[in-house]
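Notes to accompany the following structure.
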Amino acid sequence: MTARAEHYASPSRVAVEVRGVSKIYDGGVEALNDISLYFPEGQLTTLLGPSGCGKTTLLKIIAGLIAPTSGSVKVEGREVTGPGPERAFVFQDFALMPWASVMRNVAFGLELRGVAKTERERVAQGYIGEVGLKGFEAAYPHALSGGMRQRVGLARALAVNAKVLLMDEPFSAVDEQTRRKFQEDLLRLVAQERKTFIFVTHSIEEAVYVSDRIVLLSKRPSRVSEIITPAIDRSVDPERIRRSQAYLDTVEAIWQGLKRYLE
Amino acid sequence: MATIAEASAARQGGGTRPILAHPLVLRLASVAVVCAAWEYAGRVPISPAFPTFLETMAALFDMIRDGSLGKAFAVTLEPLVIGLAASVIAGVGLGVLMGLNRFAEWLGAPLFIIAQAAPMAALIPIITFAYGIGLLAKVVTVCMMAMPVIVLNSLNAIRHTPTSLIEMGRSFQASRLNLIAKIILPSAAPVIFAGLRLGAASGFIGVILAELLITPTGIGDIITYNQSIAEYPKMYAAIFAIIAVSVLFIEALEWIELTLFRPEKRASA
């Protein structure tokens, strides 16, 4: 696992910093145990770990949707006390409003912020186009496939122009072929939007394919077990990444690391 | 575009299916079968007190023509409309409040759960002791029948707002008011309306119960009077008429729900 030099030479600015975060749910379930992490700006960092390990809990703590039992989270240097405009969340189950059109769903973050209708629809229109849903503005979620619904969720998160995108297993409810297409689109998006992405997945292949950094969490109560920086050249054709030796080696190494949690 | 094109193709496909399988034809056929069975049973006859369908319809048109049915409805609808309006406003209001506030739920919900389980006919003597035999007693009967199901459905509808929708609103920093108005209430609307339909049906039962058990007025009077003089076709015509009005009223509620609150249903209907 050869780290790309620039990560250490000039540690790019830290977008999100997690310090000593623990979470014990009511009832005594200990989800996270003293997690300390940083997320570099402009990169995609994946939280990967065995199922039920608290990846989503950590993501929701960063989002400000759940309060940690102890420890703190800083986004752009400011302490997190709740959700904020510099963070946007993409939900595993899409969280679309079935009674609202694609346009209203995408513009909803702006609507809640009090942006005028014409202005928010102009912004939403741009992102609807960007995620490939042009022509579906007036459609309702039930008429869309799973993949298209998540594109709506993604456009909604992009429309508020947050600096940090928090994605909770966004592709897990989507079929395999759509999923691959999504992963390729995500790489393009990371390169183009210059945002910080924090991505939760349980798929090793997905993590290696899309991530600049992978944080391996141990099983509950989670600790950081390893941080991996896949040395994969992403400038090549996306099809070739999946066949490159670096990709295959990283997948194998992570699998060997995670295997011990399954017994 | 594919999905929309497919959906509309499927809909057009629906239009070309055999006319006999059309939903409206099937519904009318089901009504026709029941009416035919009624006519047959009346002709057997299963009881001298059971008129045929055609006799009943003739009596119905007689009563419409001489105005007695209209007058009776005017009397019956008064406590019904007042009682239903009060139940809808107070019921949805209380249910939503209890759904949003645990304290209000602990305070209020047991009352309505008991009211829903109580056999109302047995409680009518208490209502007459407390409220007499006038309009108020009938309004109270309608409310006691209609309100519990409206309250409890509203409470459950609010309580079962999908967690991820609430988290979505919070992640975009929705104010509490926006969260309720733009996410919780629209999400609860279908179940609240289901409660309103059930509540309206119970309200109709309540008003007839009151007119049969408290003092015979309106439709209840037509039923009891014609029963006592063995004018069975008129008695059954009054029962038929109140059922028909009840069904039409509930259909109207559904129409209001679809036009005002469910744009996604209209888009796919």
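Going line by line, the protein sequences match chains A and B. The opening residue of the first sequence carries number 5 in my numbering; numbering runs sequentially from there. The opening residue of the second sequence carries number 668 in my numbering; numbering runs sequentially from there. Beta carbons: idealized from backbone N, C-alpha and C, even for Gly.
Residue burial classification, residue i (beta-carbon count within 10 angstroms, cutoff 16)
i: A/E83; result: exposed
i: A/E256; result: exposed
i: B/N768; result: exposed
i: B/F770; result: exposed
i: B/I780; result: exposed
i: B/A936; result: Because the pLDDT of B/A936 is 48, which lies under 50, any placement of that residue in the model is unreliable, and the number read from its coordinates should be weighed accordingly. Label assigned to B/A936: exposed.
i: B/A669; result: The pLDDT assigned to B/A669 is 43, lower than 50, so where the model puts this residue is not dependable; a value taken from the coordinates is nonetheless given after this. Exposed: under 16 other Cβ atoms inside 10 Å.
i: B/K805; result: buried
i: A/L252; result: exposed
i: B/T828; result: buried
i: B/Q679; result: Since pLDDT at B/Q679 reaches only 46, below the 50 mark, its modelled position is unreliable, and no value is offered.
i: A/W103; result: buried
i: B/A677; result: Residue placement at B/A677 is poorly supported in this model, since its pLDDT is 44, which falls under 50; the coordinates still yield a value, given next. With fewer than 16 Cβ atoms within 10 Å of its Cβ, B/A677 is classed as exposed.
Residue j beta carbon less than 8 Å from that of residue i
i: A/G118; j: A/A163; result: no
i: A/V20; j: A/S40; result: no
i: A/L52; j: A/V219; result: yes
i: B/A904; j: B/L747; result: no
i: A/Q47; j: A/R217; result: yes
i: A/G88; j: A/V79; result: yes
i: A/T50; j: A/S215; result: yes
i: A/V156; j: A/A128; result: no
i: B/G766; j: B/I833; result: no
i: A/A67; j: B/S838; result: yes
i: B/L822; j: B/G762; result: yes
i: B/L876; j: B/T795; result: no
i: A/V77; j: A/E45; result: no
i: A/V106; j: A/I132; result: yes
i: A/V168; j: A/I202; result: yes
i: A/E115; j: A/R124; result: yes
Boundaries of the alpha helix (DSSP H) in which residue i is found, first to last residue
i: A/K59; result: 59-67
i: B/L876; result: 852-880
i: A/Y42; result: No alpha helix (DSSP H) contains A/Y42, which is instead part of the beta strand (DSSP E) from 34-44.
i: B/F916; result: 899-928
i: B/S838; result: 830-838
i: A/R23; result: Taken as a continuous stretch (DSSP letters only), A/R23 belongs to no alpha helix (DSSP H), being part of the beta strand (DSSP E) at 18-28.
N- and C-terminal bounds of the beta strand (DSSP E) containing residue i
i: B/I686; result: It is not in any beta strand (DSSP E) - B/I686 carries neither H nor E in the DSSP assignment.
i: A/V94; result: 91-94
i: B/L715; result: According to the sequence shown, residue 715 of chain B is Pro rather than Leu. Run containing B/P715: none; DSSP gives neither H nor E here.
i: B/E772; result: That residue, B/E772, is in no beta strand (DSSP E); its alpha helix (DSSP H) goes 769-784.
i: A/V219; result: 217-221
i: A/M171; result: 168-172
Residues that residue i contacts on chain B, provided the C-beta gap is smaller than 9 Å
i: A/Y213; result: What A/Y213 touches in chain B: nothing, since even the nearest Cβ is about 26 Å away.
Within chain B, partners of residue i - CB distance below 8 Å
i: A/I179; result: Checking the displayed sequence, the identity of residue 179 of chain A turns out to be Asp instead of Ile. What A/D179 touches in chain B: nothing, since even the nearest Cβ is about 14 Å away.
i: A/P54; result: Those do not exist, as A/P54 stays about 23 Å from chain B at its closest Cβ, beyond 8 Å.
i: A/F186; result: Result: empty, since nearest Cβ-Cβ is about 17 Å, beyond 8 Å.
i: A/F95; result: S831, E834, M835
Neighbour list for residue i in chain A, Cβ cutoff strictly below 9 Å
i: B/N845; result: E115, L116
The ligand ZN heavy atom lying under 7 Å from the CB of residue i
i: A/G139; result: Summarising the ligand content, the structure contains no ligands, and the ligand ZN is consequently not present.
Listed by chain order, chain A residues near residue i by CB distance under 8 Å
i: B/I923; result: Ordered by position in chain A, no residue passes the 8 Å Cβ test against B/I923, which lies about 15 Å from the chain.
i: B/L832; result: A99, M101
i: B/M765; result: Near B/M765 there are no residues of chain A at all, since even the closest Cβ is about 23 Å away, more than 8 Å.
i: B/A841; result: L116
i: B/I850; result: M101
Partners in chain B for residue i, counting only beta-carbon separations shorter than 7 Å
i: A/A67; result: S838
Residue i: contacting residues in chain A (beta-carbon distance under 7 Å)
i: B/R929; result: W103
i: B/I794; result: Within 7 Å Cβ-Cβ: nothing; B/I794 doesn't reach chain A, min ~40 Å.
* Check whether the stretch 865-873 of chain B touches the stretch 751-762 of chain B, counting contact only when three or more Cβ pairs, one atom from each stretch, lie closer than 8 Å. => yes
* According to a CB-to-CB cut-off of less than 9 Å, which residues of the stretch 78-91 of chain A neighbour chain D? -> Any reference to chain D falls outside this structure, whose protein chains are A and B.
* Asked: On the three-pair Cβ rule with 8 Å, is the stretch 844-854 of chain B touching the stretch 782-800 of chain B?
  -> no
* Asked: Is the number of C-beta pairs between the stretch 885-895 of chain B and the stretch 727-745 of chain B that are closer than 8 Å three or more?
  -> Taking 8 Å as the limit for Cβ pairs, the verdict is that the stretch 727-745 of chain B does touch the stretch 885-895 of chain B.
* Asked: Between the stretch 703-719 of chain B and the stretch 897-915 of chain B, do at least 3 Cβ pairs fall closer than 8 Å?
  -> yes
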